[in-house]
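Below: one structure, written as structure tokens.
Protein chains: 2
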Amino acid sequence: MLQVEPENGRAAAGAAAADSLESVRDIFIRQWGAMGSQWGVNRSMAMIHALLLVSPEPLTTDAIMEELEISRGNANTNLRELVDWGLVYPVLVKGDRRDYFVAEKDVWRIFCIVARERKRREMEPAQKVLEECVRRSGSLEGEEAQAMHAQLARLSEFVGTANELMDKLARPERDRILPNLMRVL
Amino acid sequence: MLQVEPENGRAAAGAAAADSLESVRDIFIRQWGAMGSQWGVNRSMAMIHALLLVSPEPLTTDAIMEELEISRGNANTNLRELVDWGLVYPVLVKGDRRDYFVAEKDVWRIFCIVARERKRREMEPAQKVLEECVRRSGSLEGEEAQAMHAQLARLSEFVGTANELMDKLARPERDRILPNLMRVL
DNA sequence: CCAAACTTTCAATACTTACTGAAAGTTATG
DNA sequence: CATAACTTTCAGTAAGTATTGAAAGTTTGG
Numbered sequence: 007m008l009q010v011e012p013e014n015g016r017a018a019a020g021a022a023a024a025d026s027l028e029s030v031r032d033i034f035i036r037q038w039g040a041m042g043s044q045w046g047v048n049r050s051m052a053m054i055h056a057l058l059l060v061s062p063e064p065l066t067t068d069a070i071m072e073e074l075e076i077s078r079g080n081a082n083t084n085l086r087e088l089v090d091w092g093l094v095y096p097v098l099v100k101g102d103r104r105d106y107f108v109a110e111k112d113v114w115r116i117f118c119i120v121a122r123e124r125k126r127r128e129m130e131p132a133q134k135v136l137e138e139c140v141r142r143s144g145s146l147e148g149e150e151a152q153a154m155h156a157q158l159a160r161l162s163e164f165v166g167t168a169n170e171l172m173d174k175l176a177r178p179e180r181d182r183i184l185p186n187l188m189r190v191l
Numbered sequence: 007m008l009q010v011e012p013e014n015g016r017a018a019a020g021a022a023a024a025d026s027l028e029s030v031r032d033i034f035i036r037q038w039g040a041m042g043s044q045w046g047v048n049r050s051m052a053m054i055h056a057l058l059l060v061s062p063e064p065l066t067t068d069a070i071m072e073e074l075e076i077s078r079g080n081a082n083t084n085l086r087e088l089v090d091w092g093l094v095y096p097v098l099v100k101g102d103r104r105d106y107f108v109a110e111k112d113v114w115r116i117f118c119i120v121a122r123e124r125k126r127r128e129m130e131p132a133q134k135v136l137e138e139c140v141r142r143s144g145s146l147e148g149e150e151a152q153a154m155h156a157q158l159a160r161l162s163e164f165v166g167t168a169n170e171l172m173d174k175l176a177r178p179e180r181d182r183i184l185p186n187l188m189r190v191l
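Going down the list, the sequences are from chains C and A. The numbering used here applies: residue 7 is where the first sequence begins, and numbers increase by one. The numbering used here applies: residue 7 is where the second sequence begins, and numbers increase by one.
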């Protein structure tokens with residue numbers, strides 16, 4: 007699993023492999039994992055998320071380890087992180103002591119979670135830095151200092167506005183927001 | 007420069023350092039650089055950008071190297087990248103053979119550039135992957151396969167819509183867009 | 001068209017982040 | 001309350017990125 011399929015039994019040489027549930031799932035997982043890097047999410051976390059996203063049934067840590075060929079420690083760490091984010095839920099299966107995991111399947115909820123996390127990790131620190139620098143440069147004298155202050159203030163104001171918009175955008179009243187957005191833009 | 011200032015000459019022990027043009031600039035550069043990591047931008051690139059953002063005058067490669075204490079190769083590579091993105095412009099100064107660099111100062115333009123780049127690096131690959139998987143899973147039989155297909159289709163549609171919105175949002179007719187947005191959200 | 005001034009490239013290295021596997025910890029049940 | 005089933009932690013290692021510095025490449029003025 008998860009290797010690039012070099013050849014498919016019944017396909018002619020050079021032809022695309024015939025698709026199966028498993029092959030499409032593995033393509034999705036592999037590619038989604040590779041994309042994780044671009045998104046600042048590690049590959050294992052992205053792959054686990056992808057796997058759970060397209061699994062109708064909850065999966066155990068062991069099933070995930072086997073499917074993705076990753077170690078227990080890795081699976082465990084990244085599952086906990088996904089649960090922390092709220093992208094994955096632990097579920098109990100009657101008559102089984104192990105933890106099972108399911109992914110949040112609702113696309114808008116996923117978006118809100120990711121948006122919230124990125125705001126927290128990317129926008130808020132920027133805003134804090136900018137506000138501090140604006141404050142500190144406010145009382146400086148000299149043309150050059152004032153130019154810097156003005157530039158920092160413009161940046162700070164912009165980031166502040168963007169943050170407010172993010173908050174409003176990523177709240178769960180999706181049905182009202184999206185159509186309005188489409189209309190305005 | 008760029009070290010944490012352990013003490014300021016005239017400040018009492020333990021008190022905050024008095025602010026000067028240089029100290030505020032250095033705080034800004036240092037923090038902005040540290041934030042780069044979170045943003046998927048390397049630290050040097052973020053620091054160079056920060057320095058140029060608050061420099062009213064164009065700077066040479068050597069001035070940047072000295073101010074940030076980085077090597078020539080590093081400065082050169084990251085300046086070229088910033089120029090590629092369109093966040094920094096090379097300018098010619100009469101009577102000097104060296105390249106000088108200035109940053110784009112307009113906040114909305116900076117936003118558009120960053121948004122465009124992130125769309126290119128993050129959204130478009132996702133969309134491509136999803137579309138391919140939706141296509142390949144379309145003809146599969148069986149309940150499980152169809153559930154996967156449906157989930158992939160929902161993801162794909164969402165990312166498609168998000169991409170369209172990004173396009174519309176990050177076009178340079180800012181003055182019409184932002185007020186409308188504020189009203190709707 | 002030579003020499004000086006400047007820019008680019010790239011192999012070596014340092015730094016950062018992710019992953020493994022085994023050991024320690026926890027919890028449920030007979 | 002002992003044991004077995006499962007989960008978490010963590011030191012060591014591997015993989016991935018960023019940075020340096022020196023050498024090669026370009027351009028410009030004399």
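C-beta atoms are modelled at their ideal positions from N, C-alpha and C, and glycine is treated no differently. Keep in mind that this is a model prediction, so the values were computed, not measured.
Next on the checklist: Report the start-end ranges of each alpha helix (DSSP H) in the stretch 113-180 of chain A that is 4 residues or longer and not cut off at the edges.
Outcome noted: 113-124, 130-143, 149-175
Checklist entry - When you compare only the Cα positions, how much space is there between R55(A) and S77(A)? => result Residue mapping note: residue 55(A) aligns to position 49 of the second sequence, counting from 1. Residue mapping note: residue 77(A) aligns to position 71 of the second sequence, counting from 1. Checking the displayed sequence, the identity of residue 55(A) turns out to be His instead of Arg. C-alpha separation (whole angstroms): 16 Å.
Checklist entry - Under 8 Å Cβ-Cβ, which residues of chain C neighbour E128(A)? => result Counting from one through the second sequence, the residue named residue 128(A) turns up at place 122. In chain order: M41, Q44, W45.
Checklist entry - Since L27(A) contacts L74(C) with CB under 8 Å, what's their CB separation in whole angstroms? => result Reading the second sequence from its first residue, position 21 is the one you call residue 27(A). Reading the first sequence from its first residue, position 68 is the one you call residue 74(C). About 53 Å separates the two Cβ atoms, so there is no contact after all.
Item to check | C-beta contact flag for V30(A) and S143(C) at 8 Å | outcome: Counting from one through the second sequence, the residue named residue 30(A) turns up at place 24. Counting from one through the first sequence, the residue named residue 143(C) turns up at place 137. In contact: V30(A) and S143(C) (Cβ atoms closer than 8 Å).
Item to check | Paired residues, beta bridge with L65(C) - DSSP | outcome: Position 59 of the first sequence, counted from the start, is the residue given in the question as residue 65(C). Partner(s): F107(C).
Checklist entry - For R31(A), which three-state DSSP category applies? => result By 1-based counting over the second sequence, the position of residue 31(A) is 25. The DSSP-derived three-state label of R31(A) is helix.
Item to check | I33(C) versus A132(C): straight-line alpha-carbon distance, rounded | outcome: For the purposes of this step, residue 33(C) is identified with residue 27 of the first sequence, where counting begins at 1. For the purposes of this step, residue 132(C) is identified with residue 126 of the first sequence, where counting begins at 1. For I33(C) and A132(C), the distance between alpha carbons rounds to 36 Å.
Checklist entry - In angstroms, rounded to a whole number, what distance separates the CA positions of V186(A) and L93(A)? => result Position 180 of the second sequence, counted from the start, is the residue given in the question as residue 186(A). Position 87 of the second sequence, counted from the start, is the residue given in the question as residue 93(A). For the sequence presented, residue 186(A) should be read as Asn rather than Val. Straight-line Cα distance between these residues: approximately 26 Å.
Checklist entry - When the cut-off is 8 Å and only beta carbons count, does V94(C) lie next to chain A? => result One-based indexing of the first sequence puts residue 94(C) at position 88. No - not a single Cβ of chain A is within 8 Å of the one on V94(C).
Item to check | Burial state of R126(A), where buried means 16 or more other Cβ atoms lie within 10 Å | outcome: Walking along the second sequence from the start, residue 126(A) turns up at place 120. Exposed, because fewer than 16 other Cβ atoms sit within 10 Å of the Cβ of R126(A).
Next on the checklist: With three or more C-beta pairs closer than 8 Å as the rule, is the stretch 104-123 of chain C touching the stretch 56-73 of chain C?
Outcome noted: yes
Checklist entry - Three-state secondary structure (DSSP) at V190(A)? => result Position 184 of the second sequence, counting from 1, holds the residue named residue 190(A). Correct three-state label for V190(A): helix.
Item to check | Identified DSSP bridge partners for P96(A) | outcome: Counted from its first residue, the second sequence places residue 96(A) at position 90. DSSP output for P96(A) lists F107(A) as bridge partner(s).
Checklist entry - Between which two residues does the alpha helix (DSSP H) carrying I76(A) extend? => result In the second sequence, the residue the question calls residue 76(A) occupies position 70. I76(A) -> no alpha helix (DSSP H), and no H or E assigned at all.
Checklist entry - Is there at least one Cβ from chain C nearer than 8 Å to C118(A)'s Cβ? => result Along the second sequence, read from residue 1 onward, the residue named residue 118(A) stands at position 112. No - not a single Cβ of chain C is within 8 Å of the one on C118(A).
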